[in-house]
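All residue numbers for the sequence shown refer to my numbering, where the first residue is 1 and numbers rise by one. One structure is given here, and the rest of the page talks about it.
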Amino acid sequence: MKTTRKKLSLMILLFGLLVLLPAVIAEVKINEVMVNAPGRLPDLQWVELYSTTTENLEGWILTDGEDPFVLPRVKIVAGTYLLLAYDSSASLPRMRNVLEYGQAAPQLFLGSDQDELKLSDAQGRVQSDVVYGREGDDSSAPLKGNSIARVHDGVSEFIVSAEPTPGTANNRKPHSRDLRLSTEENVPLVIQENVFVFEDEDGDTLQGIIITRLPTEGRLMFNNVPVQQNQVISGRDFSVGKLVFTPDRNEFGISYATIQFRVSDRYAASSEQYTLILDVNSVSSAPTSENVALVINEDSFHRFGEDDFTYSDEDGDSFQGIVITDTPNRGVLRYREESGMIQDVNSGQQVSVTDVTDGKLIFIPFDNEFGEEYGTFEFAVFNANELSEERYTVTISVLSVNDAPTTGNKTITIQEDRQYVFTQVDFAYEDLELDAFDSITITRKEFAGALRFDESDIDNGDVIPVSEIQAGKLVYTPAPDEFKVPHYDSFAFTVSDGLDQSAPATVQIDVEADRDSPSLNIDDQTMEEDGQPTIIDLWAVSSDSDTVDEQLSFSIVEQTNTEVVSCRIEEHTLTCTPQPNRSGESRVTLEVRDDSTIAGLDILTITVREVNDVPSIVPIGTLQAAENVAVSYDIVVNDVDSMQSSLFIVASNSALPNWLSVDQINPLRLQGIPPRSATPFSVRVVVSDGQDISAPEEFEILVQSDPLTTRFETNVPTDATEQQLAAFPQFMLRNAFGRIVFTQPIDLRTVRTIDADVAITEGVIAVDSTDLPQLNAPARVTVFKQFTHPVIQRSIGFNSGMFERCPATVCRNAVQQGNEFSFDVAGFSTYRVVEDIPAGLSISEILFSNVIPGQSVNVTITVRNSGTLDSVQNLSAVLENVPAQYHAQLQGTLPASLAPGEQATLQLGLTVPLNERSGRHSLGSLVVRSAQATVTKTIELSTQSFLVVENVEVDGKESGELSLAEPTEVEITIQNEYTEDMEDVTLTVELLDVDDNDLEEEADSFDLNNGDDETVTVEFDLSHEDVDKNEYTLRITVEGEAEDGTEHETVFEKTVRVDREKHNVMITNADLVTPTVECQRQTKLRVDLKNIGTEDEDEVEVRVKNTPLRIEQKQEGLELDDYSSSRNDDTAEFTIDVENARAGKYDLTVEVYVNGKLKDTETVPITVKECLSTQTTTQRQPAQYSADGLVQEIQRGLQERGQLQQRVAPVQQENVVVSSSFRDSQVYLGLLITMMVLIFIAVVLALVTLTLSRKRRMRKR
């Protein structure tokens, strides 16, 4: 019995423990409370519960001491959250695990400044509570939008959190900052852990970084393994490995690559992504190339291509073209222009890589010339930044190519039953290279008679040497008793020089009926070179049994070597004259005919014996030389008998200056180094061919002195003598910025050039007295500038070094006269004249741009001493009127003083609240004080807009250009990247600074849902705008309001070029002085023109015409500079006479032509009215006087201004009735004013209605 009671007591105890255990071990906690939400309370209040165990919360009670909320049957799972909201649709829309208590406990309303909240279990035991608002409570009262939350879920103390986290972990996420690192081109960058800034309000430490976006340029490696997107690199990883960024080979740039990352503590990663900007500094190197060797054939050409010029550049800059630095020494280098014309290339001419690729650069050797390394020229390659330092050589070898000989058709006539023996002259032969006649080839044999070679029949393809032809072995025999004239027979042949054959030619054979032919018998002749002609009476050496002499006719059938002897026949006399300076042998084939046209032939051989010719020098004229620069002159000699190598200058017979001598290698070349000389050197030269000497050739050599300067105006004559230069008085140098006049004589004899050792710039005059000690002398210095309080400063170095005030003993006699400030100096270093500007302070703009709310940002501020002479002392900087919620802090300190022009920098950092309003606005100011001045600068903040300009196209292209001929379409694509829809989105497009004005176009407003985009198009018509630049800025402003009330504004700018023609002139204005004419039928037309093309124009023509008015006028020869010049406009004036025109309205057509092509047209209206009619009346006189008086007053005013050129016909003041239209009446004016008032009232009512509608919509939200 006793044992039974003990067991029963134990069971009761265990049952009680089981009942009480869940309440004892339950860990359900109030984790976070929103009591001061940004909106209507208590609808937006909520409470977050967190549990470390799974619990059934049915019957649990949440109370603020006034109205309890009893939880229904609901379970909270271990490690999760349960949200209790007064109005879940208002405070926690679309969230899970939410219970709404507002209807069940409407008085459960937490105070925003202080209150207490308790959570009790079903047995009434308090499991968790939070008290806030008073000293010693769990937490202070939260600001609007902040929550009261535990530092970590379910544990730790409560804090005020600026980042409410309903339904997620309470840990406040860490922060970092955008960073910037730099490295050199081709140098890897090791990124250490301490580079990443880490800030954590909970005091947690950096556990690692997450690479959220990899760089698009270069490579990011960790321990030589490529980093993957979203890879986590822990602090331990950093301690055992290296994170290295390597830029791509030869690439560089500011903001070359970016890496986005998050930082993480042991609980969570940062909400924001941060950017590590990587700058790669350029290490520039010039491009290089190589020498080029080419081989081409004689009489051909070479068209260069890109492959002919090698190109390399360590920086990866692209090949832009070549520069011809020296033209070919033989042959010609030519360039084919766009027009198709081919021009010789000049030294220094650039040829783009496109033109090289297109084959526009061509080398052509001279006709029939060849040789190894025949011609050379030099070039350099360039890219977009620089020219190669080296000069490279193109060497072209020209291979000899044999030229085929040429021949011609031949007709021979023979007698019936007679043979014809061919000779060399029967086969015409010419060879450009003067190769000997070698052979003929029969390409088509005869068909009627018999053509035999060496008594054998000829066949197609047979080759017959010329020597065998000359030996008489080629014979033609017609068939017996056959004859025909013409075309009895024929054969075809080619001639050869031993290498190539000519085109085929034909020998036609005519056979005449038999008759005795006359004959010639002339002895061979011998003549002397340049001797007397040989004259032969052909009657005396001819015979014909059938014909008397007077019936014979003579002709020359063929002659060889006519360049040796020239023969001609006049009637019966043969005259053969030796050609000047030629010798050799010529064979003349003569023909004699009788009256029956039967002919006889004879061959006369004429030999011209050689006689030596005296050489002659080609006239030289005056030669040019430069002082102290080596020169050489080749003497050109004409000598038909001698090779050039056998000619030489006879020094003993010549008269040469002592500095000029005969070259030891080339005996026809004079060489030497000319000294300075004010007068030309006289030279006399005689040459010899070894037998005879030439007549002397006299000429002069004019020596040009080195230019003393090419950058300055000077008073030294170009022909100054050595004696004048030894002590040149008042030596002066001058340019647009100033002048130096040396007050004592200067020895300029050894001064070659001064350009590199003298500098005259704005306010600064310097002479390098180390390089030019001759110029370290007293001088009067003048600066072309007007100063109010000038101060002269001096620096010891040449155009460098620190400047100090020039002592009065060195810089004297200073005076300002007009725009010239002058002073004396004793010698030279560098002098500078500045205005005495008191010491002062200036601060750079302080703007946090495109900031995301909740982000910590920094900006660099520059403080500068704006004075020119004195330092600023005791500098300090302080922030004023910056609200505390921005946590603004100045980083760094200013130095104690700043020298004139010196500057220092500060860093200003702040944190932007999550609820920061949109747009650009001020946050307070920065005040910088010093002993000399105090300056204040406003701090401005501009938050990020989620209206993004995705794309801008001009006339359908992102790189499109503005048209001057027709309207330009601008197409803009806008995207809403916000989480809410946007309403009333407006877009304004401006084209800035067009003729000192901004052109503006605005699109219709539209709505834009989140994630959507919209494309809008506007037009700009520039055809009548004064477009005087080549580039303009297109500014796009997009504004919109989201459904949550946030406003968004984005300003986007894009530079666009103008599509400008070479030749384009526009009419900017055309109007008449008096567009309506009555009694006075003459007026002036003024046409304003402007050149908007890229070329100067000197053939501009303006035409004015109207056929009914019989007007046809024009002005020609107007000159306008190109669009960028201040002289690119002009005005043409015309007198328009419509004396005989009928009343009515007309249009004058105004046209402008450039080089005969129409460029622009305008229409100018003119109204011709009848002259006022007259009536006899007295009743209408007052009205007549008023209107007519006004006409006269207007005309009188125009005459006074010189605009009415013709005298106005007098209008009678009496008995005139003015006939006016309804528009001229008072009734029309009254109706017009009434209509304008009604329109104004309608506009005001529309604006009021729109405003009230928007306010109602805002209240509804």
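Glycine included, each C-beta is placed from N, C-alpha and C at the ideal position.
Quick one: give me the first and last residue of the alpha helix (DSSP H) that residue i is part of.
i	result
Gln1268	For residue 1268 there is no data in the structure shown, the boundaries of the chain being 1 and 1261.
Thr357	Val353 to Thr357
Ala90	Ser88 to Ser91
Leu725	Glu722 to Ala726
Glu468	Val466 to Gln470
Where does residue i sit, in a helix, a strand or coil, going by DSSP?
i	result
Asp1059	strand
Gly1040	strand
Tyr335	strand
Ala629	The question names Ala, but residue 629 is Val in the sequence shown. Reduced to three states, the DSSP call for Val629 is coil.
Asn653	helix
Gln103	coil
Tyr476	strand
Asn194	helix
Tyr256	strand
Thr1263	As displayed, the chain neither begins before 1 nor continues past 1261, which places residue 1263 out of reach and without an answer.
Ile620	coil
Counting along the chain, where does the beta strand (DSSP E) carrying residue i start and finish?
i	result
Ala904	Gln903 to Thr911
Arg236	Unbroken run through Arg236 is the alpha helix (DSSP H), Gly235 to Val240; no beta strand (DSSP E).
Gln1262	Look at the range of the chain in this structure, 1 to 1261, and you will see that residue 1262 is not part of it.
Ser1264	Residue 1264 falls outside the range modelled here, since the chain spans only 1 to 1261, and no answer is possible.
Val1027	Run containing Val1027: none; DSSP gives neither H nor E here.
Tyr392	Tyr392 to Leu399
Thr494	Lys484 to Ser496
Val1102	Glu1097 to Asn1106
Met341	Counting along the chain, Met341 falls outside any beta strand (DSSP E), and DSSP gives it neither H nor E.
Thr1068	Val1065 to Leu1072
Tyr1123	No beta strand (DSSP E) holds Tyr1123; DSSP gives it neither H nor E.
Asn346	Segment: none, Asn346 is in no beta strand (DSSP E) and carries neither H nor E.
Met95	Element bounds for Met95: n/a, residue is neither H nor E.
Since residue i and residue j should fall inside the 8 Å C-beta cutoff, what is the C-beta to C-beta distance between them, to a whole number of angstroms?
i	j	result
Glu32	Asn170	6 Å
Asp836	Phe798	Not a contact, Cβ separation roughly 25 Å.
Thr1276	Thr406	In the structure displayed, the chain extends from 1 to 1261; residue 1276 sits before or after that span and is not available.
Asn915	Pro853	7 Å
Pro696	Val685	7 Å
Gly864	Ser842	Per the sequence shown, the amino acid found at residue 864 is Arg instead of Gly. Indeed they touch by this definition, with Cβ atoms about 5 Å apart.
Ala436	Asp500	The Cβ separation is near 13 Å, so there is no contact.
Ala286	Ser388	5 Å
Ser632	Arg669	6 Å
Ile362	Phe301	6 Å
Is any heavy atom in the ligand NAD found nearer than 7 Å to the beta carbon of residue i?
i	result
Arg780	The model depicted lacks the ligand NAD and carries no ligand whatsoever.
Here's the rule: buried if 16 or more other CB atoms are within 10 angstroms of the residue's CB, otherwise exposed. What is residue i?
i	result
Pro164	buried
Lys1090	buried
Val1244	exposed
Lys1159	buried
Val751	buried
Pro1262	In the structure as shown, the chain starts at 1 and stops at 1261, and residue 1262 therefore has no counterpart that could be examined.
Asp544	buried
Cys1171	exposed
Asn36	buried
Asn628	exposed
Counting beta carbon pairs with one atom in the segment 349-357 and one in the segment 322-336, are three or more of them shorter than 8 Å?
Counting Cβ pairs under 8 Å, three or more are found: they touch.
Quiz prompt | Inter-stretch contact (C-beta, 8 Å, three-pair minimum) for the segment 929-946 and the segment 862-880 | solution = yes
Point to revise | the segment 812-826 touching the segment 905-914, judged by at least three CB pairs closer than 8 Å | key: Three or more Cβ pairs closer than 8 Å define a contact, and the segment 812-826 falls short of that threshold against the segment 905-914.
- Counting Cβ pairs closer than 8 Å, one from the segment 223-239 and one from the segment 201-211, do we hit at least three? yes
When you compare the segment 623-637 with the segment 709-726, are there three or more beta-carbon pairs, one atom per stretch, that lie closer than 8 Å? no
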